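First comes the structure, then the notes that go with it.
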Amino acid sequence: MEFRRTHYTTQITPQMDTQTARLAGWVHEIRDLGGIMFLILRDREGLTQVTLFKKTIDPDVLQIAKSLSRESVITIEGVVKKEPKAPNGYELIPTQIDILNPAQSPLPMDTTGKVDAELDTRLDNRFMDVRRPKTQAVFRIRHHMLSAVRGFLEQEGFIEITTPKVVATATEGGTALFPITYFDTEAFLNQSPQLFKQIMMSGGMDRVFEIGAIFRAEEHDTRRHLNEATSIDVEASFVDHEDVMQVLERLVAHVYLTVSEDAASSLNTLGIELNIPELPFKRLTYDEAIEVNNEHSKELLEWGDDLSTNAEKVIGEVIGAHYFIKDWPTEIKPYYTQPYEDEPVITKAFDLMHPRMELSSGAQRIHDYDLLRKRIQDQGLNPDGFEFYLKAFRYGIPPHSGWGLGAERLLMTMLDVDNIRDVVLFPRDRKRVSP
Ligand code: ATP
Ligand code: MG
-2 MEFRRTHYTT QITPQMDTQT ARLAGWVHEI RDLGGIMFLI LRDREGLTQV TLFKKTIDPD
58 VLQIAKSLSR ESVITIEGVV KKEPKAPNGY ELIPTQIDIL NPAQSPLPMD TTGKVDAELD
118 TRLDNRFMDV RRPKTQAVFR IRHHMLSAVR GFLEQEGFIE ITTPKVVATA TEGGTALFPI
178 TYFDTEAFLN QSPQLFKQIM MSGGMDRVFE IGAIFRAEEH DTRRHLNEAT SIDVEASFVD
238 HEDVMQVLER LVAHVYLTVS EDAASSLNTL GIELNIPELP FKRLTYDEAI EVNNEHSKEL
298 LEWGDDLSTN AEKVIGEVIG AHYFIKDWPT EIKPYYTQPY EDEPVITKAF DLMHPRMELS
358 SGAQRIHDYD LLRKRIQDQG LNPDGFEFYL KAFRYGIPPH SGWGLGAERL LMTMLDVDNI
418 RDVVLFPRDR KRVSP
């Protein structure tokens, strides 16, 4: 049939009783009970019960309804009938059904949520998985989350930038990079916009942010690591680490609040009620974090150790809310973090933690050229490879600070999702590069 550009009813209410409505969507379910047939239509607003009384319905409409396969794309015109027993308080009595595109059978997976599908099956058939209201709710919330991040940062005076994902040098040393062929030379997929956002501090941009892909070639097989993730990155001039920690905690609270308002119906689909985190977040020093771990865990840590997954879990259980760990040993943080002037073995770096995992890492950065060059060398890297970055530090760069926040981690902890693959449309991991 010819597709007619016409007005479809976006939201039916019981108050529209006896009015004509026109819907477009997918055949979610068909239940033939003998004298009565229910067709559940799914569109972007949700599910609508279409009821066919076989005695009174136009036989042509009934015949089309009987021929429908699940997940076919159709349009329905009908009369709204107030019906307190129907899920939305109304049903639609069809006067016309048109098939725009029939779906083949059997389907690669169920969309009603009645038959469970393995994660791999769902990811192999993501187009169909996203038709499931619960899956779609996650990605609608993801949209509202990123929109809230943009809204907040813009309000705080940050401007959005876009930096290259194809780069010549590693950000933090040669490990964990995906090499690519770039014409007749080798290049890499960028693991972080760190160096570029810092260069923009020299460019006088003052406050920048980027929401973009980061690539990590680590062969982890965990529920919180992807090989391609989305990072929310911020960099600001004339401020220290404490200032950007405040921006970060306020952003997290703003996102929870905004999502709870703007994505209320999607949260409802998932059965989730968000608790807005209370400010300020608790601040532990690295030393205190080690102490908490050693008091509550059998796996003891020594000063200078990075926090293990187990330590993150133990400390997270003790604190039970978002918290910061600050003042890390300089040795275990990247070369660009600013050591305390009076105690250079400690650096002005912090991590933002959710009780379940790390969400963000940040710091005040080194702005002194000589110190930065020395720190690059100390970490066994060749400063020559960083000339494009170091150059920006020789002609006047202000003191600056920033952080990188994992968008997927923020979303999965907010929605209490267990596996990070559930909050990315097309996850990239050790075993998956398609679809
Ligand atoms: P982790 O120790 O948890 O592997 P990291 O310290 O290596 O993380 P950073 O380099 O500090 O990660 O990156 C900043 C943030 O980006 C992290 O706190 C996290 O939220 C996110 N992130 C980093 N790597 C990944 C990844 N492989 N998958 C998903 N998110 C990531
Ligand atoms: Mg980190």
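My numbering puts the first residue of the sequence shown at -2, with every later residue one more than the last.
We treat Cβ as the ideally placed atom computed from N, Cα and C, and that holds for glycine.
Keep in mind the model is a prediction, meaning the values are calculated, not measured.
Residue j beta carbon less than 8 angstroms from that of residue i
{"i": "Phe185", "j": "Leu174", "result": "yes"}
{"i": "Thr255", "j": "Ala145", "result": "yes"}
{"i": "Leu44", "j": "His25", "result": "yes"}
{"i": "Ala21", "j": "Thr72", "result": "yes"}
{"i": "Ile312", "j": "Ala346", "result": "no"}
{"i": "Ser228", "j": "Gly401", "result": "yes"}
{"i": "Gln195", "j": "Thr168", "result": "no"}
{"i": "Val241", "j": "Gly399", "result": "yes"}
{"i": "Pro424", "j": "Leu223", "result": "yes"}
{"i": "Gly382", "j": "Pro352", "result": "no"}
{"i": "Ser257", "j": "Leu245", "result": "no"}
Check: residue i C-beta below 7 angstroms from any heavy atom of the ligand ATP
{"i": "Arg406", "result": "yes"}
{"i": "Ile417", "result": "yes"}
{"i": "Ser228", "result": "yes"}
{"i": "Leu223", "result": "yes"}
{"i": "Arg213", "result": "yes"}
{"i": "Ser189", "result": "yes"}
{"i": "Gly401", "result": "yes"}
Residue i, DSSP secondary structure in three states
{"i": "Phe206", "result": "strand"}
{"i": "Gln101", "result": "coil"}
{"i": "Met106", "result": "coil"}
{"i": "Met(-2)", "result": "Caution is warranted here: a pLDDT of 49 is assigned to Met(-2), below 50, making its placement in the model unreliable, and no coordinate value can be reported."}
{"i": "Glu384", "result": "helix"}
{"i": "Leu49", "result": "strand"}
{"i": "Gly313", "result": "helix"}
{"i": "Ala404", "result": "helix"}
{"i": "Leu186", "result": "strand"}
{"i": "Gly75", "result": "strand"}
{"i": "Lys279", "result": "strand"}
- Message: If contact is defined by three or more beta carbon pairs under 8 angstroms, each pair taking one atom from either stretch, is the segment 405 to 420 in contact with the segment 208 to 218?
- Response: no
- Residues near the ligand MG, CB to any non-hydrogen atom under 6 angstroms, in chain order? Asp348, Glu355 and Ser358
- Message: Could you check whether the segment 3 to 16 touches the segment 107 to 127, counting it as contact only if at least three pairs of C-beta atoms, one from each stretch, sit closer than 8 angstroms?
- Response: no
- Message: Does the structure place the segment 351 to 362 close enough to the segment 324 to 341 that three or more beta carbon pairs sit under 8 angstroms?
- Response: yes
- the segment 141 to 156 touching the segment 244 to 261, judged by at least three CB pairs closer than 8 angstroms: yes
- Message: Under 8 angstroms, with one C-beta from each stretch per pair, do the segment 148 to 160 and the segment 199 to 208 reach the 3-pair mark?
- Response: yes
- Message: Measuring CB atoms only, is the segment 264 to 283 touching the segment 323 to 331, in the sense that at least three cross pairs come out at less than 8 angstroms?
- Response: yes
- Message: Using 8 angstroms as the cut-off, can you tell me whether the segment 64 to 81 makes contact with the segment 97 to 112, which would need three or more C-beta pairs spanning the two stretches below that distance?
- Response: yes
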